[in-house]
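Going by the numbering used here, the letters in the sequence shown line up with residues 50 to 467, in that order. Report on one structure; see the data block that follows.
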Amino acid sequence: MEESRQQQARQVSAAVTGPAQRLAIRHATRIDARGIAAQAWLLSDNGVVLAQGAGGDNYRAALRAYGMEDAENVTIIDAQEALMLPGYVDLHAHGAWQHSFDDGQEAIAVARAGHAMHGTTRQVLSLITNPVDVMCRNLQTVAQITKQRPDVLGSHMEGPFLALSRKGAHDPACLIAPEAGIVERFLDAAQGTLRQITIAPELPDGIDAIRTISASGAVAAVGHCDADYDTAKRGFDAGARLMTHMFNAMNGLHHRNPGPIPAAVEDPRVTIELINDGFHVHDAALRLAFRMAPHRIALVTDAMAATDCDDGSYRLGELEVTVEGGHARLVSNGAIAGSTLVLEEAVRRAVQVLSVDPVQAVEAATLTPARALGLDVPNSITEAPLGLLSDGYAADILLADPKDWSVQHVWCAGRQIR
50 MEESRQQQAR QVSAAVTGPA QRLAIRHATR IDARGIAAQA WLLSDNGVVL AQGAGGDNYR
110 AALRAYGMED AENVTIIDAQ EALMLPGYVD LHAHGAWQHS FDDGQEAIAV ARAGHAMHGT
170 TRQVLSLITN PVDVMCRNLQ TVAQITKQRP DVLGSHMEGP FLALSRKGAH DPACLIAPEA
230 GIVERFLDAA QGTLRQITIA PELPDGIDAI RTISASGAVA AVGHCDADYD TAKRGFDAGA
290 RLMTHMFNAM NGLHHRNPGP IPAAVEDPRV TIELINDGFH VHDAALRLAF RMAPHRIALV
350 TDAMAATDCD DGSYRLGELE VTVEGGHARL VSNGAIAGST LVLEEAVRRA VQVLSVDPVQ
410 AVEAATLTPA RALGLDVPNS ITEAPLGLLS DGYAADILLA DPKDWSVQHV WCAGRQIR
């Protein structure tokens, strides 16, 4: 199994750094944040969508217009009514296939392939709380990989600026306050590839750190916090634009002590992460979240090394984890230790279990997370925008089974990785 996954990792790595295909797809059901289109088609070249629409006549005219009708170097696919979706974008994941994003380049390649096979075409690599020097080395490693691979968007520091009372599966010995010098060390180590930092705004220097993080171009995320409503609101006013996995590792809703959740819900500037595995958050609360913050829910996995693996013993940073029934908990105290979720399953659950409108479910795994990082428009990170199957957008394309939403084929920037 391990050897097979190593081989798949090498294939994915080679594909995403290789040449893009000239691609023509037809007879699909396209779903993205704009809506649903039957008998949809799409053309792409050089990693970018050239044209898309619905109907056979328009398709043939587009083939002629772009010189793809009789060209030998065009891959033509009859989707046979499969769902055609934008590639999934995961803002928050720690690993898969027995490997963590904290553990060096080879581990990153394997864990990244584990998510790519399930339709996640772009991923922010989340780093667990560790000593400062270790986190700086991990940030440098991710920075190198980000410059080499278009499917890696950069890093997310989930720690060490977390509330001890809401630490979850993070090592309490490594939690610290966000002093200005330490924040600058992290920003320098990341070399411009740090995409988000989760921070408890009530910590000493927390609000100032949010201002510094936001000014750097990274996104500050309120989470793993014991903040009250007013403090969370101050954090968002200071520049925080994300809430890390809403409901988890924070004060719950209370009618007289509302906590940070209403502060995020009320603020249209804030994108809200949500782990939709039916374990981290009850289905009733998940449905409520989609209703409370339409178009601002970003489905994330918070996936750890046990993702797509058998139950058993694993590690999260320096902490021992046991996975039973697909649910990960710390050995030491039984705290939830990330998930074994993939976005393929999160989207399926949203549609088939929560009865979320398919357009909203797809949006929550594509356009909304892209927008949270400013990647829904032309940018210096991905160049072509992400999140839609539209002209000029990156050719991040999934073909999925309409019965169970299982992903069958995956392209990242026009490179086929499954």
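Yeah, the Cβ is synthetic: ideal placement off N, Cα and C, and Gly gets one too.
Residue i versus residue j: straight-line alpha-carbon distance, rounded
i    : j    : result
L392 : H167 : 7 Å
C223 : P180 : 6 Å
R283 : A86  : 42 Å
Y137 : V61  : 16 Å
Q88  : D275 : 50 Å
A110 : G96  : 21 Å
T169 : D279 : 36 Å
L202 : G383 : 32 Å
A64  : Q55  : 14 Å
E29  : I231 : The requested residue 29 is not part of the displayed model; the chain covers only 50 to 467.
S263 : T247 : 12 Å
L291 : Q240 : 21 Å
P250 : Y115 : 52 Å
D359 : M353 : 13 Å
T66  : R198 : 6 Å
W90  : Q129 : 11 Å
A355 : R71  : 36 Å
R464 : D357 : 23 Å
H148 : E155 : 9 Å
V459 : D94  : 15 Å
C461 : R171 : 8 Å
I126 : A410 : 25 Å
H273 : A298 : 5 Å
N107 : A131 : 19 Å
M50  : P317 : 45 Å
E207 : P68  : 34 Å
I259 : L243 : 14 Å
G327 : P434 : 31 Å
N325 : W146 : 20 Å
Nearest-angstrom beta carbon gap, residue j and residue i [assumed within contact, 8 Å]
i    : j    : result
S175 : H141 : 5 Å
V98  : A444 : 5 Å
T178 : A229 : Not a contact, Cβ separation roughly 19 Å.
E322 : H344 : 14 Å between Cβ atoms; not a contact.
H205 : G387 : No, H205 and G387 are not in contact; Cβ-Cβ is about 13 Å, not under 8 Å.
V314 : M341 : 5 Å
F150 : M184 : So it is not a contact: roughly 12 Å between Cβ atoms.
V372 : R364 : Incorrect: roughly 11 Å between the Cβ atoms, too far for contact.
L92  : A77  : Actually they are not in contact, since the Cβ atoms of L92 and A77 sit about 12 Å apart, beyond 8 Å.
Reference residue i; option with closest CA among the options
i    : options                : result
H329 : S214, Y278, T389       : T389
A100 : L448, C461, L437, L365 : L437
R75  : Y363, L348, D151, L447 : L447
G84  : L424, L422, L416       : L416
P209 : L202, G203, P221, V201 : P221
L368 : D316, I385, W146       : I385
V173 : Q465, E233, Q245, R79  : Q245
A267 : A421, D332, S439, D200 : A421
V456 : E394, A462, Y442       : E394
S265 : D453, Q409, A449, A238 : A238
A413 : T350, M50, T78, A77    : T350
A312 : G327, F296, G441, D326 : F296
A270 : G104, A158, A347, G327 : A347
I157 : R79, E233, A73, A58    : A58
L335 : G366, V396, H303, Y442 : V396
Status (buried if at least 16 other CB within 10 Å, exposed otherwise) for residue i
i    : result
V426 : exposed
R113 : exposed
P227 : buried
N38  : Only positions 50 to 467 of the chain appear in this structure, which leaves residue 38 out of reach.
M133 : buried
S53  : exposed
T124 : exposed
A281 : buried
S429 : exposed
R305 : exposed
G361 : exposed
D81  : buried
P451 : exposed
D406 : exposed
S404 : exposed
A333 : exposed
D139 : buried
D440 : exposed
D182 : exposed
G308 : buried
G105 : exposed
D453 : exposed
Check: residue i C-beta below 7 Å from any heavy atom of the ligand PLP
i    : result
F150 : With respect to the ligand PLP, the structure shown offers nothing to examine, as it has no ligands at all.
**Prompt:** Between the stretch 109-129 and the stretch 398-405, do three or more beta carbon pairs fall short of 8 Å?
**Reply:** The stretch 109-129, when compared against the stretch 398-405, does not touch it at the 8 Å Cβ threshold.
query = Quick check: the stretch 370-390 against the stretch 150-165, are there 3 or more CB pairs under 8 Å?
reply = No, they do not touch.
### Query
Quick check: the stretch 188-199 against the stretch 207-215, are there 3 or more CB pairs under 8 Å?
The stretch 188-199 and the stretch 207-215 do not touch, with fewer than 3 CB-CB distances between them shorter than 8 Å.
**OP:** Taking 8 Å as the threshold, find out whether the stretch 282-292 comes into contact with the stretch 254-273 through three or more Cβ pairs.
**Re:** Note that the stretch 282-292 touches the stretch 254-273; at least 3 beta-carbon pairs, one per stretch, sit closer than 8 Å.
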